Amino acid sequence: MSNRIVVLSVTIGLVVATAQAQQPPAAANGAAPKAVPPRRQSVQVIPPQPNAPFQLSPAQQQQLDQVLAAWQVQSQNVDTLSCDFTRQEFSEVFGDVNKPKVTEGKLAYRTPDQADYQITTKGEEERWVCTGQSIFEFNYKQSQLIERPLPPELQGKAISNGPLPFLFGVDADQLRARYWMRVITPEDKAKAGEVWLEAWPKRQADAANFRLAWLILRPGDLVPVAIKVVLPNNDQTLHQFSDISVNHPWTKIFGGSLRPNTPLTWKYIREDPPPSQPAPLAQPRSPSDGQPRQAANSPTQPTTQK
Numbered sequence: 001m002s003n004r005i006v007v008l009s010v011t012i013g014l015v016v017a018t019a020q021a022q023q024p025p026a027a028a029n030g031a032a033p034k035a036v037p038p039r040r041q042s043v044q045v046i047p048p049q050p051n052a053p054f055q056l057s058p059a060q061q062q063q064l065d066q067v068l069a070a071w072q073v074q075s076q077n078v079d080t081l082s083c084d085f086t087r088q089e090f091s092e093v094f095g096d097v098n099k100p101k102v103t104e105g106k107l108a109y110r111t112p113d114q115a116d117y118q119i120t121t122k123g124e125e126e127r128w129v130c131t132g133q134s135i136f137e138f139n140y141k142q143s144q145l146i147e148r149p150l151p152p153e154l155q156g157k158a159i160s161n162g163p164l165p166f167l168f169g170v171d172a173d174q175l176r177a178r179y180w181m182r183v184i185t186p187e188d189k190a191k192a193g194e195v196w197l198e199a200w201p202k203r204q205a206d207a208a209n210f211r212l213a214w215l216i217l218r219p220g221d222l223v224p225v226a227i228k229v230v231l232p233n234n235d236q237t238l239h240q241f242s243d244i245s246v247n248h249p250w251t252k253i254f255g256g257s258l259r260p261n262t263p264l265t266w267k268y269i270r271e272d273p274p275p276s277q278p279a280p281l282a283q284p285r286s287p288s289d290g291q292p293r294q295a296a297n298s299p300t301q302p303t304t305q306k
């Protein structure tokens, strides 16, 4: 599941139906309302605000704001991106945390909401494709191509509104609203122009997907070169990206949809989402939710958090 979260994980049920929830009641045939005795006004219970895992000084906040603003500007210049990656999965329950499961893969992205994520290691093949209208899963064990159409309100923006909007289409205001973030760049890396970021989710919907994330942005265009995620069960997944190509002319020539074809002898399955239901807005976590806050370790080193 961790690979879905990191890149193409778009949980179809993760839809906040605010429009439905905010619809006013219809008037009853234009009739004047009958007089009714006044009722005691109900008191809205406001959940307690969560405790931030850290406090930023004015200088640190200014530094973060500058980084997020520059990152947003740079990400707006990305039309297409392709790269190779190495994925390391650390598990405290199903393996030695110091001996991660290592797989190789490829990633391709086209703005605003098309992505192709593949694990190419023999025997470990995976593939997830987002076309902007649907998520396609290649189930290699069952020889099935499964299409899961996105609800209309998510079409065209599923990746940027997904659990981890760090890789594509960065929106500084959205990041500040959803995460506690800080710059944690080591001094020697800062001199080289790298930017290291740490992000903790503020909202329950995001906290259900991950507890903590670290990112490394490369100098200049601030494209992510590594991202490590700590899952709610303390498992960790590290992606390190290489051979990154941004706005390559060949990708523009071969434009169009990433919609995949069903492989020969495979079975195509379509799983339509259930009808949309009104859902409450995602709320910030209360202080009792989740695990105790801890200081960040290096994003490129395995970490065990208790």
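Numbering (my numbering) for the sequence shown: 1 to 306.
Idealized CB from N, CA, C, for every residue including glycine.
Computed from a predicted structure; not experimentally measured.
Check                                                                                                      : Outcome
Cβ neighbour criterion (16 or more within 10 Å) applied to S75                                             : buried
D113 beta carbon near the ligand FMN (any heavy atom closer than 7 Å)                                      : This structure does not include the ligand FMN; it has no bound ligands of any sort.
Cβ pair V183, Q63 closer than 8 Å                                                                          : yes
Inter-stretch contact (C-beta, 8 Å, three-pair minimum) for the segment 133-146 and the segment 261-272    : yes
Short Cβ contact (8 Å threshold) for W71 with L222                                                         : yes
Exposure label - N233; buried when at least 16 CB within 10 Å                                              : exposed
Host beta strand (DSSP E) of L145 (start-end)                                                              : 144-149
P120, buried or exposed, once every other Cβ within 10 Å from all chains shown has been counted against 16 : One detail in the question is off: residue 120 reads as Thr in this sequence, not Pro. T120 should be labelled exposed.
Cβ contact check for the segment 187-195 and the segment 206-223: 3 or more pairs under 8 Å                : yes
Helix, strand or coil at V225 [DSSP, three-state]                                                          : strand
Run of the beta strand (DSSP E) containing R182, from where it starts to where it stops                    : 179-183
With 16 other Cβ atoms within 10 Å as the buried cut-off, status of N261                                   : exposed
W266 (DSSP reduced to helix, strand or coil)                                                               : coil
Proximity to G105 [Cα-Cα], best of P249, S245, Q240, T265                                                  : Q240
First through last residue of the alpha helix (DSSP H) which encompasses L68                               : 58-75
For K101 and E92, believed in contact at Cβ under 8 Å, the rounded distance                                : Not really, about 13 Å apart at Cβ, beyond 8 Å.
Element boundaries [beta strand (DSSP E), containing Q118]                                                 : 114-119
Residues that DSSP places opposite L217 in a beta bridge                                                   : V195, P224
Ordered list of beta strand (DSSP E) runs contained in the segment 79-134, each at least 3 residues        : 80-90, 101-110, 114-119, 126-130
Distance, L258 Cα to K189 Cα                                                                               : 36 Å
Beta carbon proximity, I216 to chain C, threshold 8 Å                                                      : Note that chain C does not occur in the displayed structure, where there is just one protein chain.
Residues that F210 bridges to, as DSSP identifies them                                                     : The partner list for F210 (beta bridge, DSSP) is empty, contrary to what the question assumes.
Bridge partners - N139, DSSP secondary structure assignment                                                : Q144
Euclidean distance between Cα positions of P149 and F210                                                   : 24 Å
Close beta carbons around T185, own chain, < 7 Å, minus the five adjacent residues each side               : E194, V195, W196
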